[in-house]
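Here our numbering is used: the first residue of the sequence shown is 1, the next is one more, and so on. Beta carbons: idealized from backbone N, C-alpha and C, even for Gly. Just so it is clear, the structure is predicted and the values come from calculations on it, not from any experiment.
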Amino acid sequence: MEEKKLDLNTIIGFALIFGLLFWIMYQNQPTAPEASTKSKTEQASTKALPATTAAATTAADSSAYSQKFGVFGNSAALAQQNAKKEVQLDNEVLSLKIALKGGQVTEATLKNYERFKKGSGELVRLIQNNNANFNTKLITSDNKIINTADLYFEPQLLKSGDNQILSLKAKTANGGFLEYRYSLKPKDYLVGFDLVSQGLTSVLSPKQAVELEWNLKTFRNEKSVSYENRYAEIYYQYEDDKTSYVGQGNDATENPESVKFVAFKQHFFSSILLTDKPFAKADLLSNNLVKDEEVDTLFTKDFKAKIALKAQAGEINQNMHWYFGPTDYKLLKTYERDLEYIVPLGWGIFGWINRYFFIPAYDILSGFLAQGWAIILFTILIKLVLSPITYKSFLSQAKMKVLRPDIAELNEKFKKDPMKRQQETMKLYSKAGVNPMAGCIPALLQMPIFYALFQFFPAELALRQQGFLWANDLSSFDAVVQLPFYIPLYGNHISLFPILASIAIFFYMKMTTGDQAMQQPQQEGMPDMAKIMKIMIYISPVMMLIFFNNYASGLSLYYFVSNLLTIGIMLVIKNYIVDNDKIHAQIQENKQREPKQQSKFQRKLQEMMEAAEAEKAKKKK
């Protein structure tokens, strides 16, 4: 066979092919800036960014867009072609979808929390289905109003270590831009959000402030819409680190200045906008969307905020953060931005008791016990702490019971002279060494604790969707019977823990209020306090039954256990600690001695009665 050899034409062909390949490689070699960009994009998230429809700049009527949007005309035209495109940021706890039109968050999903009940499979979404919008309103030097919600933001998704960074730029015809920069850390609900501009000095009006507009209709996420709605409010921090709230109802407004954060708080979840440099002013509006609890079951509140920014030298540079996450006191406190104050733990001493005693104590107990058992042990510890006060109160009642025959004798003796009767009664108390206010003072001392607990349980996120006995969610009602009709104030279900708590409080009041009622002498011309207190024995349990039917079952469980323990402690004190015969003997001995020095209160009361008696005698003359 004849051996093939390379002829001249073959050699020329190979040379042309290699030359063409070399030229293509040379032409596609990146420049220095492009090489830097390529280095960054090599670190970018593996998720592909949405492709931009470039046809908008040629097919759209550019003159019409330029006339309306000025230098942002091309960006507005691109927005129409990319209206449905989004970029997604994810970490272990939070998922965000951000629209290229407007650059705003269109979906915020909390991966570790479910709606309504555990196991529902439906995750909590603070933002979805257009329930929120965010817009930056710009006023140009030729008095055009540009809304960023109408502009296209060109995306660039990068990584910096473990952090995801999304840069969105709405570009101008003169090479400037407005940028939204989002940054998301691993396992974090706090999202960095920077708003910066470049090349807008000649574009923006120096006389007009830049305004942020943020609206949110809060989705219902819990079983009881009325209970959840009660805790949905706008909170804000202003001036010298003061934290306040807008209030409930319709058209509730506040206009704070020097604002550091605005929180659209739901019951257990919040959407918060924080700033490193205080906002100049914020106009806040809250509207109640639950008019009828049987019908209005999708949303709870409609929140609106208009926030003024100060541009410097015609440019914007505002470092902010978004928080989309649980309203958890311990978690919010870790950010060291006073966000924990949006958790309604009570004002003054009530909040102080919750923050420094109840929250740390309950955290320890719930760390090794299921939530229901933690509540029971927590209640036992509180009752043990309060047992000396309970003892003092019961001892005072026992002393008053011993004096009952003497008081009845004085009432009969001075039946026609109420003032004299009261004076002699006070002398008897002083001589016997009995303080009639001793039974009230322990009760007053317990009031801050009771109110603090009333605030603590509804705010405790750890109770959410945690079951105990028949209750499947200690943060909501424990319905054992579903009614086919709706009862005003009560609801369409029957909760069992409120029934048990009402029974317990009835017997507790029977033991305490009943004895006090018998000891109250009837004053001429005054209401019969004995009858009123007896009526309250029956009214209070009924009020609790109605009021707590839609409340957190964890709170009803606390009151049930608390009243049972109080009854038990009082029975022990009565039968094994307090000796009525000994008390009676002591009082009789005290009567033989010189009267004890009166307290300031008793002395003042005595002086007032003597003055009133003197005035009465003067009028008779």
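Enclosing alpha helix (DSSP H) for residue i [first to last residue]
i    : result
T334 : 329-334
S183 : Counting along the chain, S183 falls outside any alpha helix (DSSP H), though it belongs to the beta strand (DSSP E) covering 177-184.
G372 : 371-402
E228 : 225-230
I353 : 348-353
I364 : 359-366
For residue i, three-class secondary structure by DSSP
i    : result
A282 : strand
V191 : strand
E239 : coil
S202 : coil
K84  : coil
A44  : Interpretation of A44 is limited by its pLDDT of 39, a score under 50 that renders its predicted location unreliable; no figure is taken from the coordinates.
T297 : coil
A311 : coil
V71  : helix
D142 : coil
P344 : coil
S553 : helix
D302 : strand
Q455 : helix
Q104 : coil
L157 : strand
S562 : helix
V124 : strand
I535 : helix
E114 : strand
K246 : Going by the sequence as given, residue 246 is Val instead of Lys. Three-state DSSP puts V246 in coil, outside helix and strand.
S475 : coil
E222 : coil
D276 : strand
N411 : helix
K420 : helix
K510 : helix
F547 : helix
V626 : Here the chain covers residues 1 to 621 and nothing more, so residue 626 does not appear.
D338 : coil
T58  : Unreliable positioning characterises T58 in this predicted model, as indicated by a pLDDT of 48, which lies under 50. The coordinate reading is nonetheless provided below. Of the three classes helix, strand and coil, the one that applies to T58 here is helix, per DSSP.
K137 : strand
Residue from the options whose Cα sits closest to the Cα of residue i
i    : options                : result
P448 : W352, I546, G175       : W352
K534 : Y551, F506, I573, G568 : F506
T140 : K84, Q128, G70         : G70
Y236 : K217, T218, P256, N250 : P256
L200 : T297, E213, P484, G314 : G314
K310 : N287, I342, L332, K277 : K277
D296 : N229, Q318, P344       : N229
N135 : N129, D142, N147, V124 : N147
D90  : I145, R337, L157       : L157
Q208 : N129, E294, L138       : L138
Y627 : A170, G367, P326       : Beyond the ends of the chain as shown, which are 1 and 621, falls residue 627; an answer cannot be given.
L284 : D473, F324, N221, N215 : N215
K187 : Y323, A83, K304        : Y323
P155 : L100, S202, L184       : L100
A452 : I349, M544, L386, S475 : I349
N250 : D240, Y238, E239, E233 : E233
L94  : L178, Q164, K68, K159  : Q164
V246 : A280, R220, N288, E213 : N288
D302 : T218, A370, L273       : T218
Expected contact under 8 Å - CB spacing of residue i and residue j to nearest Å
i    : j    : result
T300 : Q266 : 7 Å
L151 : A76  : 6 Å
A149 : I127 : With a Cβ gap of about 14 Å, A149 and I127 do not count as contacting.
I546 : Y490 : 5 Å
A459 : F497 : Incorrect: roughly 18 Å between the Cβ atoms, too far for contact.
M320 : F456 : Wrong, their Cβ atoms sit about 32 Å apart, outside the cutoff.
F261 : L339 : 7 Å
Y329 : I359 : 6 Å
F394 : I567 : Their Cβ separation, rounded to whole angstroms, is 12 Å, which puts F394 and I567 out of contact at 8 Å.
Continuous beta strand (DSSP E) stretch holding residue i: start and end
i    : result
N492 : 491-495
Y486 : 479-487
L168 : 163-171
Y323 : 317-326
I98  : 94-99
L212 : 210-219
K574 : First-last for K574: undefined, no H or E at that position.
K260 : 257-265
A252 : 252-254
Residue i beta carbon near the ligand ADP (any heavy atom closer than 7 Å)
i    : result
K171 : Within the structure as shown, the ligand ADP is missing, as the structure has no ligands at all.
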